[in-house]
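Enquirer: FYI, in the UniProt record's numbering the residues of the sequence shown are 1 to 116.
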Amino acid sequence: MLVQIDPSSTVPLFEQVAASLRRSLADGKPAPGQQLPPARELAAALEINVHTVLRAYALLRDEGLIDLRRRRGAVVIGGASNRARLAELAEDLVREAKRAGVGLDELTGVLKEKYS
């Protein structure tokens, strides 16, 4: 699994790590039931703080994409690929809305119109 970050980006590192992992999960790598790299190993490989990786893992856990347990680590939850893809698309939509100067309320209104 390849996790990429851009230290010069304005996007926080934990969000970059989470987004990179979401893309991997959307591609089915790793598969449900498989473990993600331990936070210390991933942090060392990326040359970032271990707490940054743990924050990214917590974000993915809150999105229902992985399960975090002591001594077991981060494990991919089955069916995560659809949720990962949706989370990635939502992130892109929010980023584009910010560029266009569209606020959260207006964006929510647009989504409600399209969803109804």
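The beta carbon of each residue, even a glycine, is placed where N, CA and C say it ideally should be.
Verify whether the separation of the beta carbon atoms of Leu-25 and Leu-59 is less than 8 angstroms.
Expert: Not in contact: Leu-25 and Leu-59 (Cβ atoms no closer than 8 angstroms).
Enquirer: According to DSSP, what are the bridge partners of Arg-69?
Expert: BP columns for Arg-69 point to Gly-73.
Enquirer: On the premise that Glu-91 lies in contact with Ala-19, defined as a C-beta separation below 8 angstroms, what is that separation, rounded to the nearest angstrom?
Expert: That belief holds up - the Cβ atoms of Ala-19 and Glu-91 are roughly 6 angstroms apart, short of 8 angstroms.
Enquirer: Given that a residue counts as buried once 16 or more other Cβ atoms are within 10 Å of its Cβ, and exposed if not, what is Val-17?
Expert: Answer is buried; the Cβ neighbour count reaches 16.
Enquirer: What do you reckon, are the CB atoms on Gly-73 and Leu-104 nearer than 8 angstroms?
Expert: Their beta carbons are not under 8 angstroms apart, which means Gly-73 does not touch Leu-104 by this criterion.
Enquirer: Which of the three DSSP states, helix, strand or coil, is assigned to Gln-34?
Expert: It is coil, neither helix nor strand.
Enquirer: Should Thr-108 be labelled buried (16 or more other beta-carbon atoms within 10 Å of its own) or exposed?
Expert: Answer is exposed; the Cβ neighbour count stays below 16.
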